[in-house]
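First the structure, in the form of C-alpha cells, and then the observations on it.
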Amino acid sequence: SVQICQIRIKGMTCTSCTRTVESVLQGIHGVNTAQVALATEEAEIRYDPKIVSYSQLMEAIEDTGFEAIIIN
Ligand code: 9UX
Numbered sequence: 123s124v125q126i127c128q129i130r131i132k133g134m135t136c137t138s139c140t141r142t143v144e145s146v147l148q149g150i151h152g153v154n155t156a157q158v159a160l161a162t163e164e165a166e167i168r169y170d171p172k173i174v175s176y177s178q179l180m181e182a183i184e185d186t187g188f189e190a191i192i193i194n
C-alpha cells in the first residue's frame with residue numbers, strides 16, 4: 123500500500139539542508155519518494171506504512187538535526 127504524508131520541518135536555511143533531508147528520507151526502506159521544500163518548510167513523502175511508520179519518518183528527520191512537526 124502507498125500513503126502520502128506531509129511533515130513540517132523547522133530549522134532549514136538553505137537548499138543544501140533540504141537536499142540532506144531528502145537524501146536521508148529517500149534512503150529509508152519503505153520510502154518511495156520524498157520532496158522537501160524550503161519555502162513551505164514541508165516534506166511530502168510517499169511511503170508504504172506497512173514497512174515504515176510516520177513516526178519513524180519524523181525520527182529520521184530529527185536525526186538530521188532539524189525539528190519535525192506533525193501536519194494533519
Ligand atoms: Mo549550510 Mo543549510 O551549513 O543549514 S546546509 S545552511
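Residue numbering for the sequence shown follows UniProt numbering, beginning at 123 and increasing consecutively.
By construction, the Cβ of each residue, glycine as well, lies at the ideal position given by its N, Cα and C atoms.
Note that this is a predicted model, so its numbers are computed, not measured.
Rounded to the nearest whole angstrom, the CA to CA distance from GLY187 to THR155 is 21 Å. Residue nearest to GLU144 within the set ILE192, ILE191, ILE183 is ILE183 (criterion: CA-CA distance). Distances from the CA of ILE193 to each of ASP185, ALA165, ASP170 were compared; the closest alpha carbon is that of ALA165. Ranked by how close their Cα comes to the Cα of GLU189, the residues TYR176, ILE167, GLU163 have GLU163 in first place. Within the same chain, and ignoring the five residues on either side of VAL153 in sequence, the residues whose Cβ sits closer than 7 Å to its Cβ are LEU147, ILE167, TYR169, VAL174. When only Cα atoms are considered, GLN157 and MET180 end up about 14 Å apart.
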